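**Student:** Structure in C-alpha cells, see below.
In this note's numbering, the protein residues as written are 38 to 914.
Structure follows, in C-alpha cells:
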C-alpha cells in the first residue's frame with residue numbers, strides 16, 4: 038500500500054506565490070486553492086496512491102518556539118490573501134474525502150514525520166509531497182519525498198529516494214539534520230554555527246559524518262578559514278540547531294495509517310464549492326455534473342426543446358422571430374444554434390444545398406433579427422470572411438462581463454453561466470469540430486452542447502443587461518464597445534499587406550549577421566558553446582572570463598539585458614552578445630514569424646483583443662503587430678515590409694502625448710494645461726522647471742530625463758526605477774520627482790486624491806466611466822498594495838487614452854463610410870491609427886483622420902494628431 042502525505046501549508050504557499058493572484062466574483066482570493074488542486078490532481082494521476090492525507094500547521098505556539106524564541110521570528114505574517122484560502126482548501130479536501138491533520142504545539146512537518154514512522158513500522162510505502170527541503174531527512178527505503186516548485190503556473194517536481202539524495206548531497210538522508218545544525222536555515226531562523234555556510238557544512242558532513250562525529254574529531258579536521266575555531270565557539274548553537282531542525286516522529290497522533298484509503302469524492306459538495314469558487318476547468322477535469330437537485334436554476338436550461346431547421350422551414354422560422362434571440366456559432370460556422378424562450382433551433386451547413394447556407398446566414402444575420410451573442414467580434418470576423426456583412430447584434434455577454442470585471446480574464450459562456458447563474462453547461466469543446474454536426478441524430482453531444490450554450494446565453498444576456506443598467510457604463514457599452522466590434526472585425530478581415538520577398542531577403546541577411554556575431558562571440562570566449570543557454574553563458578562570462586557577477590537566480594548566474602548593460606565596456610564579448618540576442622529575436626519573432634502569418638491574399642490578419650487588458654487598451658495577437666520595433670534602426674526595418682497595395686498609400690496618424698494631456702485634464706493642473714494650450718514642448722518646460730534652467734538652456738540630455746519623469750509619473754514610477762531608467766543616483770531621481778510634483782501641484786494632489794478615493798470606493802474610473810476594481814488596495818502585503826496604488830494612478834489615465842482612441846476609430850470608420858471612400862482602417866497601435874487609402878483619396882483621408890481624432894472628446898487641453906503618409910509603414914511613421 039502506498040500513502041501520499043501532503044504538506045498542506047507548504048504546497049499552498051508554493052501555489053500562492055507561483056500563480057498570479059486572482060479571485061472569484063465575490064472577491065474571495067482563490068489562486069492558491071486552484072494551484073494546490075491542480076498539483077494534487079496531477080500527482081494522483083501520476084502516482085496513483087492507495088491513500089492520501091494532508092497535514093497543516095495550527096496557529097499556536099510550538100515546542101520549537103518555546104525552545105528558541107527566535108525560531109521563525111524573521112518570517113513575515115502569512116499574507117491575508119493566502120490566509121483566507123487556508124480554510125477553503127481544507128473544505129475542499131474534506132469534500133474529496135482526504136483526511137487532514139493538525140495538532141496544537143506541533144508543526145505539519147512533525148505530523149508528517151510521525152506518519153512516516155508509522156508507515157515504516159507497518160511495512161507500507163509512503164511519499165511526502167512538500168516544497169520544504171527539511172522533509173528530506175525523512176527519506177528511507179520506504180519513504181520518498183517529492184519536492185515541488187512552482188513558477189509562472191508551472192509545477193516542477195523532484196522525487197528523492199535514498200539513492201537520489203546521496204547522489205546530490207554525498208551523504209545519507211538522516212544527516213540532513215546535521216547539515217542544518219551546522220549551516221542553519223534562514224527561512225526558519227535556525228542559527229547554525231556562525232561562520233559556517235552551506236559548502237563548508239556539506240564538506241564536514243561528507244568527510245566526518247554526523248554532528249556528534251564532527252565534534253569528536255575536531256583535532257582531525259584540516260580545513261582553512263578557522264573552521265575548527267568556529268565549530269568550538271558555536272558548539273551550543275549547533276546542538277540547539279540540531280534540536281530545532283529535527284522533525285518529531287513521535288507526535289501523539291492516534292491514527293492507523295493502514296486505514297487511510299482513497300474514497301470516492303463527494304461530488305455534490307465539490308460541485309457546490311467549485312461553482313462558488315468559479316473553478317469551471319476543475320469541474321470539467323473531474324467530470325463533476327450538477328446535482329439533480331440543483332433546482333430552478335438547472336431547470337432554466339432543461340426546459341426547452343431542440344428543433345432543427347433546414348431548407349424546408351428556415352424561411353418560416355425566421356419570419357416568425359419578433360423578439361431578440363441568443364445565437365451561438367460553431368467556430369467554423371458549420372452550424373449555429375439560436376434560442377427563443379422554450380425552444381432552441383439548430384441549423385447545420387450539411388443540411389443545405391451548396392450556396393443556400395450563405396443565403397440563410399445572410400438573412401439570419403441581417404438587421405431584421407435582433408441578436409444576443411458572446412464575443413461577437415469573432416463571429417462578425419468569421420462572417421465577413423464568408424462575404425456576409427452581419428447586422429442586428431444588440432448585446433454581447435462576454436464584452437459586458439469584461440466591463441463589469443475587467444481583470445477576470447475569461448468570459449466564455451461556460452464560465453459566466455457558472456459565475457452568474459450557478460449553472461454548469463457542457464464544454465464548448467464538444468462542438469468545436471464542425472464534423473460533429475454531420476450526425477443524423479438530433480441527440481448528439483455537439484447539438485446538446487450548443488443548444489445548452491444558446492439557452493444559457495439568453496439567460497446571461499437578461500441578467501447582465503440588468504447589471505449593466507445598474508452600473509455607470511451603459512453608455513460606454515452601447516455607444517463605444519459594442520459598435521467597435523464591427524470596426525475591429527473589419528480591420529482583422531482587411532489585414533495589412535506585407536512584401537514577402539523583402540521579408541525573406543531580410544531574414545537571410547539576418548542569418549548572415551547572426552553567424553558573424555556568433556563567430557565573434559566564440560573568438561572572444563576562446564571556444565564554441567551554446568549561446569542560447571543562460572546557464573552555460575553565465576559560466577563562460579563569470580567563471581571562464583572572470584567578469585563580476587551582477588545578480589544570481591535560483592538556477593545560476595543571470596544574463597538578462599539589465600545585467601549585460603551593466604557589464605558594457607568590461608569585455609568586448611558583451612556588446613556582441615547583446616547584438617546576437619537582438620538579431621535572433623528579430624529573425625525568429627519578426628522576420629520568420631511574420632512570414633508564417635502571411636495569408637493567401639498576401640496580407641497579415643492580426644487579431645485585436647478587446648477583453649484582455651484591465652485598462653481597456655486593445656491588444657494584438659496572431660501576430661502581435663503592436664510591438665513591432667520602432668526605436669532601433671534595425672528593428673524598424675520590419676516596418677518597411679508592411680506596404681500599401683498598388684495605387685494605394687498608408688496614412689499613419691498618432692496623438693501627440695495623449696496620456697500627458699489626459700493627465701493634465703484629469704488632474705486639472707494649471708501649469709500643464711497652460712503649457713499644452715500654448716503648444717509648448719512639455720518636456721522642455723518640465724526640464725526647465727525641474728532642473729532650474731531657462732527653456733533655451735535645456736540640453737537634449739535634460740529633455741530626455743524630463744521626458745522620463747513626465748511619463749514615469751503617469752505610471753507611478755519610484756525614485757529607484759527612475760534612477761535605473763535615466764542613469765542617475767537614487768537621490769537625484771528622488772529630487773527630480775519632488776521638483777516635478779512641486780511645480781505640477783495639481784498632479785501631486787491628484788495622485789493623493791485618486792488613491793484615497795479608490796481605497797474608499799474600491800475602484801477607479803476613466804473619463805468615459807470605464808471602471809476597474811482594485812481589491813489589491815486592501816491588502817496588507819506591501820507589494821500587492823503598492824501595485825494597487827500604481828494601478829489607481831495609471832488606470833484613469835491609460836484607460837481614458839484607450840477610450841479616446843477607440844472613439845476616434847469609430848468616428849473615422851463612420852466618416853470614411855459616410856463619404857463613400859475606398860480607404861480602410863487596417864491597424865491600431867495604442868495612440869496610432871493606420872489607414873490604407875487609394876492614392877487619390879490620400880489628402881482627404883489624412884484630413885479626416887486628424888479632424889476626427891482631434892474632435893473626439895473635449896478636454897481642458899487640445900488633442901493634437903499628426904498624419905503622415907507613405908508606401909510603407911516605415912515611411913508613413
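Cβ coordinates follow ideal geometry from the N, Cα and C atoms, glycine included.
It should be emphasised that the depicted structure is a prediction, and the values quoted were computed from it without experimental measurement.
Where does residue 598 land, buried or exposed, given buried means 16+ other C-beta within 10 angstroms?
**Tutor:** Answer is exposed; the Cβ neighbour count stays below 16.
**Student:** Assuming residue 402 and residue 427 make a contact with CB atoms under 8 Å, what is their CB distance in whole Å?
**Tutor:** Confirmed, Cβ separation roughly 4 Å.
**Student:** Please list the segments of the alpha helix (DSSP H) lying wholly inside the stretch 428 to 496, counting only runs of 4 or more residues, in order along the chain.
**Tutor:** 434 to 441, 450 to 453
**Student:** Report buried or exposed for residue 825, applying the criterion of at least 16 other Cβ atoms within 10 angstroms of its Cβ.
**Tutor:** buried
**Student:** Ordered along the chain, which non-local residues of its own chain (more than five positions away) have a Cβ less than 6 Å from that of residue 704?
**Tutor:** 783, 784, 787
**Student:** Just to confirm, is the Cβ distance from residue 909 to residue 640 under 8 Å?
**Tutor:** no
**Student:** Residue range of the alpha helix (DSSP H) that residue 911 falls in?
**Tutor:** 910 to 913
**Student:** Thinking residue 807 and residue 510 are a contact (beta carbons under 8 Å), I'd like their distance in whole angstroms, please.
**Tutor:** 7 Å
**Student:** In three-state terms, what does DSSP make of residue 96?
**Tutor:** Judged by DSSP in its simplified three-state form, residue 96 adopts coil rather than helix or strand.
**Student:** For residue 827, which three-state DSSP category applies?
**Tutor:** Three-state result, residue 827: helix.
**Student:** Rounded to whole angstroms, what's the CA-CA distance from residue 172 to residue 138? Just pull it up for me.
**Tutor:** For residue 172 and residue 138, the distance between alpha carbons rounds to 17 Å.
**Student:** Return yes when the Cβ of residue 529 is within less than 8 Å of the Cβ of residue 418, no when it is not.
**Tutor:** yes
**Student:** Would residue 515 be called buried (16 or more neighbouring beta carbons within 10 Å of its own) or exposed?
**Tutor:** Result: exposed.
**Student:** Considering only their Cβ atoms, is the gap separating residue 365 from residue 411 smaller than 8 Å?
**Tutor:** Taking 8 Å as the Cβ cut-off, residue 411 and residue 365 qualify as a contacting pair.
**Student:** Under 8 Å between the Cβ atoms of residue 555 and residue 573?
**Tutor:** Contact flag unset, no.
**Student:** Is the number of C-beta pairs between the stretch 620 to 631 and the stretch 544 to 564 that are closer than 8 Å three or more?
**Tutor:** yes
**Student:** So is residue 235 buried or exposed if we call it buried at 16+ other beta carbons inside 10 Å?
**Tutor:** So residue 235 counts as exposed.
**Student:** Which residue from 754, 759, 669, 778 puts its Cα closest to that of residue 708?
**Tutor:** Ranked by Cα distance from residue 708, the options 754, 759, 669, 778 are led by 778.
**Student:** With respect to the beta strand (DSSP E) encompassing residue 691, which residues constitute its N-terminal and C-terminal limits?
**Tutor:** 685 to 692
**Student:** Tell me, to the nearest whole angstrom, how far the beta carbon of residue 849 is from that of residue 863; I am working on the premise that it is less than 8 Å.
**Tutor:** That pair is no contact at about 12 Å.
**Student:** Residue 345 to residue 435, Cα distance in whole Å?
**Tutor:** Going from the Cα of residue 345 to the Cα of residue 435 covers about 26 Å.
**Student:** Taking residue 796 as part of the alpha helix (DSSP H), name the residues at either end of that continuous run.
**Tutor:** 782 to 798
**Student:** Taking the beta strand (DSSP E) that residue 366 falls in, what are its first and last residues?
**Tutor:** 362 to 366
**Student:** According to the neighbour-count rule (16 or more other Cβ atoms, all chains shown, within 10 Å of its Cβ), is residue 348 buried or exposed?
**Tutor:** exposed
**Student:** If I follow the unbroken beta strand (DSSP E) through residue 681, where does it start and stop?
**Tutor:** Segment: none, residue 681 is in no beta strand (DSSP E) and carries neither H nor E.
**Student:** As a quick exercise: from 51, 90, 243, 656, pick the residue whose alpha carbon is nearest that of residue 71.
**Tutor:** 51
**Student:** For a test of the three-state rule: what should DSSP assign to residue 568, helix, strand or coil?
**Tutor:** coil
**Student:** Starting from residue 44, trace the beta strand (DSSP E) in both directions and tell me its first and last residue.
**Tutor:** 39 to 44
**Student:** For residue 191, is the classification buried or exposed, using 16 other Cβ atoms within 10 angstroms of its Cβ as the cut-off for buried?
**Tutor:** When all chains shown are included, residue 191 counts as exposed.
**Student:** What residue range does the alpha helix (DSSP H) around residue 875 cover?
**Tutor:** It is not in any alpha helix (DSSP H) - residue 875 instead sits in the beta strand (DSSP E) that spans 869 to 875.
**Student:** Within the stretch 166 to 199, note down every full beta strand (DSSP E) run reaching 3 residues or more, in order along the chain.
**Tutor:** 180 to 188, 191 to 197
**Student:** At which residues does the alpha helix (DSSP H) containing residue 866 begin and terminate?
**Tutor:** Boundaries around residue 866 are those of the beta strand (DSSP E), 861 to 866, since no alpha helix (DSSP H) includes it.
**Student:** I'd like to check one pair, residue 727 with residue 773: are the Cβ atoms closer than 8 Å?
**Tutor:** Yes, the pair counts as a contact, with Cβ atoms nearer than the cut-off.
**Student:** Answer yes or no: do residue 223 and residue 271 have a C-beta to C-beta separation smaller than 8 Å?
**Tutor:** no
**Student:** If we count the other Cβ atoms within 10 Å of its Cβ and call it buried at 16 or more, is residue 350 buried or exposed?
**Tutor:** Counting Cβ neighbours within 10 Å, residue 350 comes out exposed, since fewer than 16 surround it.
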